[in-house]
Amino acid sequence: MRVHLCGVRGSTPAPGAEFLRYGGHTSCLAIAHDEAATPTLILDAGTGIRSVVRLLDDQPFSGTILLSHLHWDHVQGLPFFTAADNDDARVGLLLPEQPDGASAESVLARAMSPPHFPMTPGQLRGAWTFATIAPGEWRGDGFTVLAREIPHKGGRTLGYRVSDGHSTLTYMPDHCPTALGPGPDGWGEYHPAALELASGADALVHDAQMLTHKELDREARFGHAVCDYPVELGKRAGARRVVLFHHRPDRTDEALDELARRFDAASGVIPAAQDMVLEL
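Numbering of the sequence shown is given in the working numbering, commencing with residue 130 and proceeding in unit increments.
Below is the structure:
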(Lines of atoms letter the chains of each structure in order from A and count residues from 1; the text may use other names and numbers.)
(Lines give C-alpha, C1' and ligand atoms only; values in the text may rest on other atoms or scores of the structure.)
Protein backbone atom coordinates (compact mmCIF):
# COMPACT_ATOMS: atom_id res chain seq x y z
CA MET A 1 0.00 0.00 0.00
CA ARG A 2 1.29 3.45 -0.92
CA VAL A 3 -0.13 6.37 1.07
CA HIS A 4 0.38 9.93 -0.14
CA LEU A 5 -0.05 12.66 2.48
CA CYS A 6 -1.50 15.46 0.37
CA GLY A 7 -2.68 17.70 3.22
CA VAL A 8 -1.65 17.50 6.88
CA ARG A 9 -2.89 20.77 8.38
CA GLY A 10 -5.99 21.21 10.57
CA SER A 11 -8.72 23.83 10.89
CA THR A 12 -7.57 26.18 8.10
CA PRO A 13 -4.87 26.17 5.41
CA ALA A 14 -1.56 27.74 6.43
CA PRO A 15 0.06 29.71 3.60
CA GLY A 16 3.39 31.46 4.01
CA ALA A 17 7.12 30.96 4.26
CA GLU A 18 6.95 29.60 7.83
CA PHE A 19 4.92 26.58 6.71
CA LEU A 20 6.67 25.46 3.52
CA ARG A 21 8.45 22.32 4.72
CA TYR A 22 5.53 20.67 6.50
CA GLY A 23 2.91 22.14 4.21
CA GLY A 24 -0.19 24.26 4.56
CA HIS A 25 -2.94 22.20 2.92
CA THR A 26 -5.70 20.67 5.03
CA SER A 27 -6.49 17.00 5.50
CA CYS A 28 -6.25 14.59 2.59
CA LEU A 29 -4.63 11.18 2.06
CA ALA A 30 -4.53 9.41 -1.31
CA ILE A 31 -4.02 5.64 -1.29
CA ALA A 32 -2.76 3.42 -4.10
CA HIS A 33 -2.17 -0.30 -4.05
CA ASP A 34 1.50 -0.01 -4.97
CA GLU A 35 4.12 2.28 -6.46
CA ALA A 36 2.97 1.69 -10.02
CA ALA A 37 -0.73 2.28 -9.37
CA THR A 38 -2.63 5.54 -9.22
CA PRO A 39 -4.69 6.32 -6.09
CA THR A 40 -8.21 4.93 -6.04
CA LEU A 41 -9.10 5.67 -2.41
CA ILE A 42 -8.99 9.18 -0.94
CA LEU A 43 -9.46 9.89 2.75
CA ASP A 44 -10.93 13.36 3.31
CA ALA A 45 -11.19 16.24 0.88
CA GLY A 46 -9.45 19.19 2.49
CA THR A 47 -7.52 21.59 0.28
CA GLY A 48 -4.81 18.94 -0.07
CA ILE A 49 -7.03 17.01 -2.48
CA ARG A 50 -5.97 19.42 -5.22
CA SER A 51 -2.52 17.76 -5.09
CA VAL A 52 -3.99 14.40 -6.03
CA VAL A 53 -4.34 15.62 -9.62
CA ARG A 54 -0.60 15.31 -10.27
CA LEU A 55 -0.59 11.78 -8.81
CA LEU A 56 -3.12 10.84 -11.49
CA ASP A 57 -1.00 12.24 -14.35
CA ASP A 58 -3.88 14.61 -15.14
CA GLN A 59 -6.23 11.68 -15.78
CA PRO A 60 -9.80 11.70 -14.43
CA PHE A 61 -10.26 10.16 -11.01
CA SER A 62 -11.96 6.80 -10.72
CA GLY A 63 -12.50 5.57 -7.19
CA THR A 64 -13.86 6.46 -3.76
CA ILE A 65 -13.63 9.55 -1.56
CA LEU A 66 -14.21 8.62 2.08
CA LEU A 67 -14.90 11.50 4.46
CA SER A 68 -14.21 11.17 8.18
CA HIS A 69 -16.63 14.01 8.98
CA LEU A 70 -17.97 17.20 7.49
CA HIS A 71 -15.99 20.07 8.99
CA TRP A 72 -14.73 22.66 6.51
CA ASP A 73 -11.10 21.55 6.63
CA HIS A 74 -12.10 18.07 5.47
CA VAL A 75 -14.43 18.98 2.59
CA GLN A 76 -13.42 22.39 1.32
CA GLY A 77 -11.19 21.09 -1.47
CA LEU A 78 -13.87 18.88 -2.99
CA PRO A 79 -15.16 21.20 -5.76
CA PHE A 80 -11.56 22.15 -6.66
CA PHE A 81 -10.45 18.56 -7.28
CA THR A 82 -10.40 18.89 -11.06
CA ALA A 83 -9.68 15.20 -11.67
CA ALA A 84 -13.09 14.44 -10.12
CA ASP A 85 -14.97 17.45 -11.48
CA ASN A 86 -14.44 15.99 -14.92
CA ASP A 87 -16.82 14.56 -17.50
CA ASP A 88 -14.94 11.25 -17.50
CA ALA A 89 -14.61 10.89 -13.71
CA ARG A 90 -16.27 8.07 -11.78
CA VAL A 91 -16.56 8.99 -8.11
CA GLY A 92 -18.23 7.35 -5.14
CA LEU A 93 -18.36 9.69 -2.16
CA LEU A 94 -19.11 8.28 1.30
CA LEU A 95 -19.63 10.27 4.49
CA PRO A 96 -20.73 9.28 8.00
CA GLU A 97 -24.33 8.26 8.41
CA GLN A 98 -26.19 11.17 9.99
CA PRO A 99 -28.22 10.84 13.20
CA ASP A 100 -31.22 12.50 11.53
CA GLY A 101 -31.07 10.19 8.52
CA ALA A 102 -30.28 12.99 6.07
CA SER A 103 -28.91 11.92 2.69
CA ALA A 104 -25.24 12.39 1.91
CA GLU A 105 -25.85 14.81 -0.92
CA SER A 106 -28.22 16.98 1.09
CA VAL A 107 -25.74 17.22 3.99
CA LEU A 108 -22.93 18.27 1.66
CA ALA A 109 -25.22 20.82 0.04
CA ARG A 110 -25.71 22.63 3.36
CA ALA A 111 -22.25 24.15 2.88
CA MET A 112 -21.77 23.60 -0.85
CA SER A 113 -24.62 25.54 -2.46
CA PRO A 114 -25.69 29.18 -2.88
CA PRO A 115 -25.31 31.52 -1.09
CA HIS A 116 -22.25 29.80 0.41
CA PHE A 117 -20.90 28.42 -2.86
CA PRO A 118 -21.84 28.85 -6.54
CA MET A 119 -22.63 25.20 -7.25
CA THR A 120 -24.15 22.18 -5.53
CA PRO A 121 -22.65 18.67 -5.20
CA GLY A 122 -25.04 17.45 -7.88
CA GLN A 123 -23.57 19.91 -10.37
CA LEU A 124 -20.09 18.39 -10.25
CA ARG A 125 -19.21 16.90 -13.63
CA GLY A 126 -18.73 13.17 -14.14
CA ALA A 127 -20.56 10.17 -12.72
CA TRP A 128 -20.91 10.82 -8.98
CA THR A 129 -22.73 8.82 -6.33
CA PHE A 130 -23.28 10.08 -2.78
CA ALA A 131 -23.96 7.72 0.10
CA THR A 132 -23.47 7.34 3.82
CA ILE A 133 -21.34 4.85 5.72
CA ALA A 134 -22.17 3.48 9.16
CA PRO A 135 -19.79 1.94 11.69
CA GLY A 136 -18.85 -1.47 10.36
CA GLU A 137 -17.00 -2.85 7.36
CA TRP A 138 -16.93 -1.51 3.80
CA ARG A 139 -15.22 -3.10 0.80
CA GLY A 140 -14.31 -1.40 -2.45
CA ASP A 141 -11.46 -0.55 -4.83
CA GLY A 142 -9.55 -3.58 -3.54
CA PHE A 143 -9.57 -2.27 0.06
CA THR A 144 -11.36 -3.33 3.22
CA VAL A 145 -12.24 -0.46 5.54
CA LEU A 146 -13.33 -0.81 9.15
CA ALA A 147 -15.22 2.28 10.37
CA ARG A 148 -15.75 3.14 14.02
CA GLU A 149 -17.30 6.20 15.61
CA ILE A 150 -14.86 8.27 17.63
CA PRO A 151 -15.49 11.35 19.81
CA HIS A 152 -15.05 14.71 18.10
CA LYS A 153 -17.05 17.85 18.59
CA GLY A 154 -19.63 19.11 16.13
CA GLY A 155 -21.02 16.17 14.17
CA ARG A 156 -20.60 12.45 13.74
CA THR A 157 -16.98 11.47 13.11
CA LEU A 158 -15.57 8.14 11.98
CA GLY A 159 -12.07 6.76 12.25
CA TYR A 160 -10.97 4.31 9.57
CA ARG A 161 -8.78 1.23 9.40
CA VAL A 162 -7.80 0.54 5.77
CA SER A 163 -6.34 -2.77 4.66
CA ASP A 164 -5.35 -4.22 1.31
CA GLY A 165 -4.88 -7.72 2.74
CA HIS A 166 -1.17 -7.15 3.34
CA SER A 167 -0.82 -3.78 5.07
CA THR A 168 -2.97 -1.69 7.38
CA LEU A 169 -3.38 2.07 7.79
CA THR A 170 -5.32 3.64 10.65
CA TYR A 171 -6.68 7.16 10.09
CA MET A 172 -8.10 9.24 12.96
CA PRO A 173 -7.50 12.84 11.89
CA ASP A 174 -9.89 14.47 14.40
CA HIS A 175 -10.26 12.77 17.77
CA CYS A 176 -11.16 14.17 21.20
CA PRO A 177 -10.49 11.32 23.67
CA THR A 178 -10.86 13.69 26.66
CA ALA A 179 -14.59 13.75 25.86
CA LEU A 180 -14.67 10.31 27.48
CA GLY A 181 -12.68 11.40 30.53
CA PRO A 182 -9.05 12.26 31.33
CA GLY A 183 -7.80 8.68 31.06
CA PRO A 184 -4.77 7.36 32.96
CA ASP A 185 -2.41 10.09 31.70
CA GLY A 186 -4.74 13.07 31.54
CA TRP A 187 -4.65 12.98 27.72
CA GLY A 188 -7.95 11.16 27.28
CA GLU A 189 -9.32 7.64 27.40
CA TYR A 190 -7.76 4.83 25.37
CA HIS A 191 -11.23 3.67 24.47
CA PRO A 192 -12.20 0.45 22.66
CA ALA A 193 -12.89 2.05 19.25
CA ALA A 194 -9.47 3.74 19.13
CA LEU A 195 -7.65 0.61 20.28
CA GLU A 196 -9.50 -1.57 17.76
CA LEU A 197 -8.73 0.73 14.85
CA ALA A 198 -5.05 1.08 15.77
CA SER A 199 -4.36 -2.52 16.78
CA GLY A 200 -1.22 -3.77 15.01
CA ALA A 201 -1.46 -1.11 12.30
CA ASP A 202 1.53 -0.51 10.06
CA ALA A 203 0.88 3.22 10.41
CA LEU A 204 -1.38 5.22 12.71
CA VAL A 205 -2.16 8.68 11.30
CA HIS A 206 -3.69 10.56 14.20
CA ASP A 207 -4.82 13.99 15.34
CA ALA A 208 -1.99 15.80 17.20
CA GLN A 209 -3.23 19.36 16.89
CA MET A 210 -2.16 20.27 20.44
CA LEU A 211 1.32 19.89 21.93
CA THR A 212 0.89 20.66 25.63
CA HIS A 213 -1.54 20.34 28.52
CA LYS A 214 -1.86 24.12 28.46
CA GLU A 215 -3.12 24.01 24.88
CA LEU A 216 -5.37 21.09 25.75
CA ASP A 217 -6.98 23.06 28.59
CA ARG A 218 -7.37 26.17 26.45
CA GLU A 219 -8.57 24.59 23.20
CA ALA A 220 -10.47 21.47 24.24
CA ARG A 221 -13.69 23.10 22.98
CA PHE A 222 -12.52 22.47 19.40
CA GLY A 223 -12.36 18.72 20.04
CA HIS A 224 -8.79 17.61 19.31
CA ALA A 225 -6.01 15.52 20.85
CA VAL A 226 -2.67 16.39 22.41
CA CYS A 227 0.32 14.79 20.66
CA ASP A 228 1.23 12.50 23.60
CA TYR A 229 -2.08 10.67 23.19
CA PRO A 230 -1.44 9.02 19.78
CA VAL A 231 2.10 8.10 20.85
CA GLU A 232 0.79 6.21 23.87
CA LEU A 233 -2.18 4.84 21.89
CA GLY A 234 0.27 3.47 19.33
CA LYS A 235 2.25 1.73 22.08
CA ARG A 236 -0.84 0.23 23.67
CA ALA A 237 -2.27 -0.91 20.33
CA GLY A 238 1.01 -2.21 18.88
CA ALA A 239 1.08 0.19 15.92
CA ARG A 240 4.43 0.07 14.11
CA ARG A 241 4.53 3.76 13.18
CA VAL A 242 2.75 6.85 14.52
CA VAL A 243 2.30 9.84 12.22
CA LEU A 244 1.34 13.03 14.08
CA PHE A 245 -1.24 14.76 11.90
CA HIS A 246 -3.68 17.69 11.66
CA HIS A 247 -1.18 20.34 12.72
CA ARG A 248 -2.57 23.57 14.13
CA PRO A 249 -2.63 26.25 11.42
CA ASP A 250 -0.18 28.49 13.28
CA ARG A 251 2.29 25.65 13.99
CA THR A 252 5.40 26.74 12.11
CA ASP A 253 8.06 24.54 10.54
CA GLU A 254 10.37 25.41 13.44
CA ALA A 255 7.78 24.32 16.00
CA LEU A 256 7.20 21.05 14.14
CA ASP A 257 10.97 20.47 14.03
CA GLU A 258 10.88 20.74 17.82
CA LEU A 259 8.06 18.20 17.87
CA ALA A 260 10.16 15.83 15.77
CA ARG A 261 13.04 16.18 18.24
CA ARG A 262 10.71 15.57 21.17
CA PHE A 263 9.97 12.06 19.98
CA ASP A 264 12.70 9.74 18.83
CA ALA A 265 12.17 8.96 15.13
CA ALA A 266 13.74 5.56 15.75
CA SER A 267 10.69 4.76 17.87
CA GLY A 268 8.53 5.23 14.79
CA VAL A 269 6.97 8.58 15.76
CA ILE A 270 7.13 11.35 13.14
CA PRO A 271 5.24 14.56 12.39
CA ALA A 272 3.31 14.42 9.13
CA ALA A 273 4.60 16.51 6.23
CA GLN A 274 2.81 17.36 3.02
CA ASP A 275 4.00 15.20 0.09
CA MET A 276 5.32 12.54 2.48
CA VAL A 277 4.73 9.01 1.17
CA LEU A 278 4.19 6.03 3.46
CA GLU A 279 5.17 2.71 1.92
CA LEU A 280 3.30 0.03 3.88
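By construction, the Cβ of each residue, glycine as well, lies at the ideal position given by its N, Cα and C atoms. All values derive from a computational prediction rather than experimental measurement.
Residue pairing by DSSP puts R268 in a beta bridge opposite T273. Rounded to the nearest angstrom, the gap between the Cα atoms of E387 and D217 is 45 Å.
With respect to A332, V360 sits apart: the two C-beta atoms are not nearer than 9 Å. Here P306 is buried, its C-beta having at least 16 other C-beta atoms within 10 Å.
DSSP links R290 through a beta bridge to L275 and T299. In the displayed model, S191 falls within a strand according to three-state DSSP.
Sixteen is the threshold: since fewer than 16 other Cβ atoms of the shown chains lie within 10 Å of the Cβ of M248, the residue is exposed. Uninterrupted beta strand (DSSP E) stretches at least 3 residues long and entirely within the region 304-350 occur at 332-336, given in chain order. Here the region 175-187 does not lie against the region 255-274, with fewer than 3 beta-carbon pairs under 8 Å apart.
Collapsing the DSSP output to three states places G251 in a helix. Taking the Cα positions, L134 is about 11 Å away from H375. Here S242 is not near D202, since their CB atoms are 9 Å or more apart. Take I171, set aside five residues on each side of it, and the residues of its chain with a beta-carbon closer than 6 Å to its own are A159 and I194, in chain order. In the three-state DSSP reduction, H245 falls in the coil class, being neither helix nor strand. Around the beta carbon of P208, 16 or more other beta carbons lie within 10 angstroms, which makes this residue buried. By the C-beta density criterion, H295 is exposed, having fewer than 16 other C-beta atoms within 10 angstroms.
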